[in-house]
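One structure is given here, and the rest of the page talks about it.
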Amino acid sequence: MKILGIETSCDETGAAVIEESSGDISVKLLSNSLATSLVKHAETGGIIPEIAAREQVKFILPVIKEALSQANLAISEKPDIDAIAVTYGPGLIGSLLVGVETAKTLAYLWGIPIIPVNHMYGHIYANFVRENLKFEIRNSKLNIPSFPAIALVVSGGHTDLVLLKAHGELEVLGGTRDDAAGECFDKVGRLLGLNYPAGPVISKWAESGDPKRFPMPRPMWDSKDYDFSFSGLKTHVLNLIKKNGWRFDNVYSSNNNEVSHKEEFLKKTSGQNNGLIADLCAGVQKAIIDVLVFKTLNAVKEYEVKSLLLGGGVAANKALSDRFYSEIKNQKLEVSLHIPPAFLCTDNAAMIASAGFYNRNLCSWRDVIADPELYY
Ligand code: KG4
Ligand code: ZN
Numbered sequence: 001m002k003i004l005g006i007e008t009s010c011d012e013t014g015a016a017v018i019e020e021s022s023g024d025i026s027v028k029l030l031s032n033s034l035a036t037s038l039v040k041h042a043e044t045g046g047i048i049p050e051i052a053a054r055e056q057v058k059f060i061l062p063v064i065k066e067a068l069s070q071a072n073l074a075i076s077e078k079p080d081i082d083a084i085a086v087t088y089g090p091g092l093i094g095s096l097l098v099g100v101e102t103a104k105t106l107a108y109l110w111g112i113p114i115i116p117v118n119h120m121y122g123h124i125y126a127n128f129v130r131e132n133l134k135f136e137i138r139n140s141k142l143n144i145p146s147f148p149a150i151a152l153v154v155s156g157g158h159t160d161l162v163l164l165k166a167h168g169e170l171e172v173l174g175g176t177r178d179d180a181a182g183e184c185f186d187k188v189g190r191l192l193g194l195n196y197p198a199g200p201v202i203s204k205w206a207e208s209g210d211p212k213r214f215p216m217p218r219p220m221w222d223s224k225d226y227d228f229s230f231s232g233l234k235t236h237v238l239n240l241i242k243k244n245g246w247r248f249d250n251v252y253s254s255n256n257n258e259v260s261h262k263e264e265f266l267k268k269t270s271g272q273n274n275g276l277i278a279d280l281c282a283g284v285q286k287a288i289i290d291v292l293v294f295k296t297l298n299a300v301k302e303y304e305v306k307s308l309l310l311g312g313g314v315a316a317n318k319a320l321s322d323r324f325y326s327e328i329k330n331q332k333l334e335v336s337l338h339i340p341p342a343f344l345c346t347d348n349a350a351m352i353a354s355a356g357f358y359n360r361n362l363c364s365w366r367d368v369i370a371d372p373e374l375y376y
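Number 376 marks the last residue of the sequence shown (this note's numbering); no jumps.
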């Protein structure tokens, strides 16, 4: 079985082809194509939905074409594809519509079904893309996650703790009550004049910072539930900036690579405030990681799960994954930790195809409607 995945929920346009591995229930990645309008959003310091949707329209067909040709499938005739898995929510309505309507058109033309996929399931199922020919997958040597499992989905829009009892059997244990963890990184980055998306940039700065210099709040640490709250952390940084009269000029970089961004930033600011930025970044990152790791491992212990799965853009954060590995080891927890490689943590279509493979809800193109407010 081959599935074409399509992802257009926000500012990334993705298409990927996966194939069922023979003699094994796992997913082999045949191709993975991605375009992003990130540079445009870096200019404005955040996503403007109208611009994201217009860019989706530009990218969608070239990206699908590239995914098919990388997988040695022709686009001119009906390719050897059994179904199209497409993100139908949650996300920005304009962006979602581009992917959903394209998938419907192709499904109609090719006479194949659609598997509508919840974007959040996609982030979880990035952990099930196990084998591939052309891409390096860090968890390829590990077994496919076993159930029950806890999934921590941490992205720009979500911070959710989910209990997975079996494929498609999910129970949401908690989520953020205000800003998501990625949103907190992005908003703090904006206050510090750093590029959007700020998560990778902050983690780069944090490497040389002292997390103890500015004590940060650990929101909802003691709340005895699995909810999170990150907006207070951003307000705390804002208050610190106001109280101390610090100025961070918005020196956005033309480069979206976090290492080059930091270098460009240092040049443009000629060294002003650099120790300060590094220490603030280290403090904020540590506060976010402390809460995420503490609450997630509480859930792992309470539900006695076999696997812990991370997903979403923030799961690409090296300090977060290092901390999970070390805490699991120190606490001698018998849980297998699964973290997708960075390119499968941030939005992509391979994870959508994978979620479609494991939760085969085959639908006619007539029955698929984009739903920006979709929950689990
Ligand atoms: O999953 P994703 O690509 O898109 C959404 O579905 O939201 O996540 C994007 C978010 C952004 O907020 C970005 O700042 C954050 O993930 N992010 C990171 C890192 N890479 C991306 N946050 C912290 N550390 C990173 N290395
Ligand atoms: Zn996402």
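All residues carry an ideal CB built from backbone N, CA and C; glycine is no exception.
Where Y375 is concerned, there is no enclosing beta strand (DSSP E), because DSSP gives it neither an H nor an E. For G156, no beta strand (DSSP E) encloses it, and the DSSP letter there is neither H nor E. The region 172-187 makes contact with the region 225-236; the number of CB pairs closer than 8 Å reaches 3 or more.
Ranked by Cα distance from D279, the first of H236, G245, S208 and I241 is S208. In this structure, S37 lies near D11, with their beta-carbon atoms less than 9 Å apart. Using a C-beta cut-off of 8 Å, the region 199-218 makes contact with the region 280-290, since at least three inter-stretch Cβ pairs fall below that distance. Under the criterion of beta carbons closer than 8 Å, A126 and L308 do not qualify as touching, at roughly 14 Å.
When the five nearest sequence neighbours on each side are left out, the beta carbons in the same chain lying within less than 7 Å of the beta carbon of L276 are those of W246, in order along the chain.
The three-state secondary structure of E55, taken from DSSP, is helix. Every candidate beta strand (DSSP E) stretch fails here, since none sits fully inside the region 217-252 while reaching 3 residues. Per the C-alpha coordinates, the member of P197, E171, G168 and V305 positioned closest to G182 is P197. Per DSSP, G89 is one residue of the beta strand (DSSP E) stretching across A83 to G89. DSSP, reduced to helix, strand and coil, places G122 within a helical segment of the structure shown.
Taking every residue with its beta carbon within less than 5 Å of a heavy atom belonging to the ligand ZN gives, in chain order, S155 and D347. Ranked by Cα distance from I369, the first of S21, P90 and A67 is P90. Burial of S31 is indicated by the presence of at least 16 other C-beta atoms within 10 angstroms of its C-beta. The C-alpha of E169 is placed about 37 Å away from the C-alpha of E258. Of the residues K332, P340 and E43, the one whose Cα lies closest to the Cα of K318 is P340. In the DSSP assignment, E302 falls within the unbroken alpha helix (DSSP H) covering N274 to Y303. Under DSSP, the beta-bridge partners assigned to A151 are V162 and L309. By the C-beta density criterion, A52 is buried, having at least 16 other C-beta atoms within 10 angstroms. With at least 16 other beta carbons inside 10 angstroms of its own, P145 counts as buried. Secondary structure within the region 329-366: the alpha helix (DSSP H) runs of 4 or more consecutive residues, fully enclosed, are 342-345 and 350-358 (chain order). With a cut-off of 8 Å, the C-beta of P197 is classified as near the ligand KG4, since at least one heavy atom of the ligand falls inside that distance. If you draw a 10 Å sphere on the C-beta of K58, you find fewer than 16 other C-beta atoms in it, and that means exposed. DSSP places S33 in the strand class (E or B) of the three-state scheme. In the structure shown, T102 adopts helical secondary structure according to DSSP, grouped into three states.
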